[in-house]
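Take a look at the structure set out below.
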Amino acid sequence: MSLRVALFLLVVSLLAGCETTGKVNPMTTQKGRDEARKAYVQLGIGYLQVGQNERAKVPLRSALELDASDPDANAALALVFQSEGENELAEQHFRKAIARSDGDARILNNYGSFLYEQKRYQDAYETFQKAAADPLYPERSRVFENLGLTAIALGNRTEAEENLVRALKLNPTQPRALLEMAEISYDTQQYVPARGYYERFTQLTEQNARSLLLGLRLAKIFDDKDQAASFGLQLRRLYPGTPEYQQYLSEQR
Numbered sequence: 189m190s191l192r193v194a195l196f197l198l199v200v201s202l203l204a205g206c207e208t209t210g211k212v213n214p215m216t217t218q219k220g221r222d223e224a225r226k227a228y229v230q231l232g233i234g235y236l237q238v239g240q241n242e243r244a245k246v247p248l249r250s251a252l253e254l255d256a257s258d259p260d261a262n263a264a265l266a267l268v269f270q271s272e273g274e275n276e277l278a279e280q281h282f283r284k285a286i287a288r289s290d291g292d293a294r295i296l297n298n299y300g301s302f303l304y305e306q307k308r309y310q311d312a313y314e315t316f317q318k319a320a321a322d323p324l325y326p327e328r329s330r331v332f333e334n335l336g337l338t339a340i341a342l343g344n345r346t347e348a349e350e351n352l353v354r355a356l357k358l359n360p361t362q363p364r365a366l367l368e369m370a371e372i373s374y375d376t377q378q379y380v381p382a383r384g385y386y387e388r389f390t391q392l393t394e395q396n397a398r399s400l401l402l403g404l405r406l407a408k409i410f411d412d413k414d415q416a417a418s419f420g421l422q423l424r425r426l427y428p429g430t431p432e433y434q435q436y437l438s439e440q441r
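Quick note on our numbering: the sequence shown kicks off at 189 and runs consecutively.
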């Protein structure tokens, strides 16, 4: 069964559940319209989750025709427009969603990520703070990670470290937070913690240019010449055109 058929059947089944008795049209009742709207939103989110953003617009538009202020439909459509580079439309729908979501941490976190992408770092930081205020949000560790990254962009290393440490307390398996903490620890000459964060990072994900350069620097600090040579070779072979490789070359002189 194709994804399109499966999602269509989901909506059909949900809409069927709206029926009451006899031949009453469920769309004439508030309950029926609410169930239909939820079904359309689920269909749109289903398309969005598998990257079929164009198709997501159709059911999301249908949901908004039933309730133009629906926060989930607006939030999902905001993500669609964000992916398409339609930033003004994305902003409009994010704001509509937030206005009616009663502080939904998921929507706030997504909006904060949008603002970060636009390099509106102070606005992003304040939005992430609102999202982090919900202690029951299941992805709260991601919010603190985002706060840490935004604090770095704002040049506030102290706040960055505080938020990243908190993120790792909630979820120790966040590669980005681990790499950032390894970098911060290295820059402040806390080499043992830096190596600890770095080793945990390498156990969770593949290396990139930035992590290879940091690994090389740490290997030199701990006099591991073989490791340093290995990381240098990987940088030259995999990332020859990167700023990290150029930095590596300059440090060899």
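Built from N, CA and C at the ideal position, the CB exists for glycine as well.
Could you spell out the range, first to last residue, of the alpha helix (DSSP H) harbouring residue i?
i    : result
Q306 : No alpha helix (DSSP H) holds Q306; DSSP gives it neither H nor E.
Y228 : 218-237
L402 : 397-409
G420 : 413-426
R434 : In the sequence as presented, Arg is not what sits at residue 434; that position holds Gln. Here the alpha helix (DSSP H) through Q434 covers 431-440.
Quick check: the Cα distance between residue i and residue j, rounded to an integer number of angstroms?
i    : j    : result
Y436 : G420 : 8 Å
L404 : L426 : 15 Å
E349 : T390 : 20 Å
S274 : F302 : For the record, residue 274 in the displayed sequence is Glu; it is not Ser. Their backbone Cα atoms lie some 11 Å apart in a straight line.
S443 : F316 : An answer regarding residue 443 cannot be provided, because it is not within the stretch 189 to 441 covered by the chain.
I286 : G234 : 21 Å
S271 : R398 : 26 Å
H281 : Q240 : 19 Å
E305 : N396 : 21 Å
T209 : L252 : A caution first: T209 carries a pLDDT of 46, below 50, which makes its placement in the model unreliable, though a value can still be read off. Roughly 27 Å between the two C-alpha positions.
T412 : S418 : Per the sequence shown, residue 412 should be read as Asp rather than Thr. Looking at the two C-alpha atoms, the distance is approximately 10 Å.
E276 : K307 : 15 Å
A227 : D375 : 50 Å
D290 : D258 : 12 Å
A416 : E327 : 36 Å
My guess is that residue i and residue j are in contact by the Cβ rule of under 8 Å, so how many angstroms apart are they, rounded?
i    : j    : result
N351 : G300 : That pair is no contact at about 12 Å.
Y313 : T346 : That belief does not hold up - the Cβ atoms of Y313 and T346 are roughly 14 Å apart, past 8 Å.
V229 : D260 : 5 Å
E368 : I340 : 7 Å
Y385 : L366 : 5 Å
Taking 6 Å as the cut-off, is the C-beta of residue i nearer than that to any heavy atom in the ligand GTP?
i    : result
V380 : Here there are no bound small molecules, and the ligand GTP is not part of this structure.
Verify whether the separation of the beta carbon atoms of residue i and residue j is less than 7 Å.
i    : j    : result
G232 : A244 : yes
L392 : T361 : yes
K150 : N262 : Residue 150 is absent from the structure shown; the chain starts at 189 and stops at 441.
L248 : A264 : yes
D311 : A293 : no
L406 : L423 : no
L296 : A319 : yes
A370 : S329 : no
L358 : Y309 : no
F269 : A256 : no
So, does the CB of residue i fall closer than 7 Å to a CB anywhere in chain B?
i    : result
D290 : Looking at the structure shown, chain B is missing, and only one protein chain is on hand.
| query | For the stretch 319-394, which segments carrying the beta strand (DSSP E) assignment without a break, of at least 3 residues, lie completely within its bounds, in sequence order? | reply | none
| field | Segments of 4+ residues assigned as alpha helix (DSSP H) that fall wholly inside the stretch 248-304 | value | 259-271, 275-288
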